[in-house]
Each structure stands twice: as structure tokens, then as C-alpha cells.
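S.K.: Residues 3 to 184 (the numbering used here) make up the sequence shown, in order.
Yeah, the Cβ is synthetic: ideal placement off N, Cα and C, and Gly gets one too.
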Amino acid sequence: MSNLFNLPFSFSIYSQTLKNLLQHRINIQLNSNEDKWSEKAIKGLIKRLTKTSMIDDLQTALDSKNSETRCVTISRDAQNKLVEPNPSSTVRKAFNDITPVVAFCRIWRWPDLNTHLELRPIKTCSYAFQHEKDQICVNPYHYEQVVAPCKEYILAICCVSLNTETQCPLIILVSAFATTLS
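1) Between C127 and the rest of its own chain, which residues show a CB-CB distance below 7 Å, the 5 nearest in sequence each way excluded?
2) Kindly indicate which residue of K38, N33, I44 has the alpha-carbon position closest to the one of P19.
3) Measuring CA to CA, which of R50, K38, P123 is closest to D79?
4) Name, in chain order, the residues that DSSP records as bridge partners for E146.
5) Starting from I44, trace the alpha helix (DSSP H) in both directions and tell me its first and last residue.
6) Could you give the distance in angstroms between the alpha-carbon of S34 and the alpha-carbon of Q137?
7) Hey, how far is the Cα of E70 from the Cα of R122?
8) For N141, count neighbouring C-beta atoms within 10 Å of its own C-beta (all shown protein chains included) and say buried if the count is 16 or more, exposed if not.
9) Would you grab the beta carbon distance between I100 and S40 for me? Rounded to a whole angstrom, and I think it's under 8 Å.
10) Rounded to a whole number of angstroms, what is the C-alpha to C-alpha distance between I124 and K67?
11) Take the Cβ of T117 as the centre, count every other Cβ of all protein chains shown within 10 Å, and call the residue buried at 16 or more, exposed below.
12) Could you give the DSSP three-state label for I100: helix, strand or coil?
13) Return helix, strand or coil for I138, following the three-state DSSP convention.
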């Protein structure tokens with residue numbers, strides 16, 4: 003049965019679905035730019051999910067926090083069109099160049115996630131972003147966060163000279179500081 007706008011679900015179901023998905027967000031301060039952006043991203047996701055069963059699958063994954071759930075896919079073409087660009091909006095500026103996989107993993111699992119390079123798909127995900135398929139899985143429980151090794155190192159600059167009395171090398175620490183290698 004089709005409704006007036008040919009949506010896979012009615013408006014009342016849409017608003018309840020949106021409310022349920024918003025409740026699963028992690029570390030979001032209400033009325034912040036991130037709050038507004040994540041709400042727009044979730045609304046965009048709901049519009050792009052072609053089957054109501056995918057919305058149910060996403061809700062199941064978020065409720066259970068379980069990777070043994072089905073893939074939730076969107077068209078790979080929609081990958082870079084998560085939120086409609088609005089040049090005057092400060093909401094979008096904070097989230098430039100984020101793919102949907104990164105966005106939804108950030109919204110629902112790891113708020114500090116920066117790039118897809120920090121993610122690894124689980125073996126059972128058939129539509130992970132690395133696969134060359136027309137659909138891409140945005141189920142945040144189909145990805146694991148790759149923990150990068152510590153990037154801070156102590157860099158010491160030393161000066162070696164020869165002690166003229168004992169003829170032994172003399173090492174003088176000139177400076178030491180922490181640096182981040184990237």
C-alpha cells in the first residue's frame with residue numbers, strides 16, 4: 003500500500019523512527035552544532051533507506067549493540083551527499099568531507115572518529131565501504147575502530163664532547179620535548 007508521498011512509511015512512523023535513532027547518539031550536547039548536524043544526517047539517512055526493513059535492522063543494531071545484525075545500505079552514489087550543502091550554515095562547516103560510514107560511526111559509536119582510515123569492517127559485512135558494490139553499509143556495528151599506535155615520541159637533542167682531563171665522552175642533553183609524528 004502506497005501513501006501520499008510514496009514513502010516507505012507514514013509521517014507518524016517517520017517521526018517516531020527519528021526520535022528512536024536520535025536517542026542512540028553518543029556525547030551530543032543539545033542545541034549544539036553537532037546536535038543539529040547529526041539530526042540532519044539521520045533525517046537524510048532515513049530518506050535514503052529504501053526499505054522499512056533496513057530502518058528496523060538499524061534500530062535492532064543500535065538497540066542490541068550487536069554486530070550480528072544485517073547490513074543497512076544506502077546507494078554508493080549518495081555517499082557524499084549526506085547533508086545538503088548550505089554555504090551559510092555553520093552546522094555543515096564543522097563536518098566537511100565526512101563519509102556516511104564515518105558520520106554514523108561517529109554519531110552512534112565513536113564521537114572522536116575522524117576518518118575511514120580509523121575503521122575496519124567486520125568480516126561478515128557484505129557491503130563494507132572497501133567493497134566495489136553499488137550499495138554501502140552504514141550499520142555502525144559492522145565496523146571496528148582501529149586503534150592507532152601511540153604517536154607521541156620524546157625527541158632528545160644531545161651534544162657529545164670529549165672531556166679533556168679523562169678523555170671520556172661527555173654527553174650533554176641540550177633539550178628534550180614531546181612531538182607528534184604524523
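M.R.: For this structure:
1) C73, C139, H144
2) The displayed chain sequence assigns Thr, not Pro, to residue 19. Out of K38, N33, I44, I44 has the C-alpha closest to the C-alpha of T19.
3) R50
4) R122
5) Bounds of the alpha helix (DSSP H) holding I44 are 35–50.
6) Near 31 Å, if we compare the C-alpha coordinates of Q137 and S34.
7) 16 Å
8) buried
9) Their Cβ separation, rounded to whole angstroms, is 11 Å, which puts I100 and S40 out of contact at 8 Å.
10) Each residue's Cα considered, the two are about 14 Å apart.
11) exposed
12) It is coil, neither helix nor strand.
13) strand
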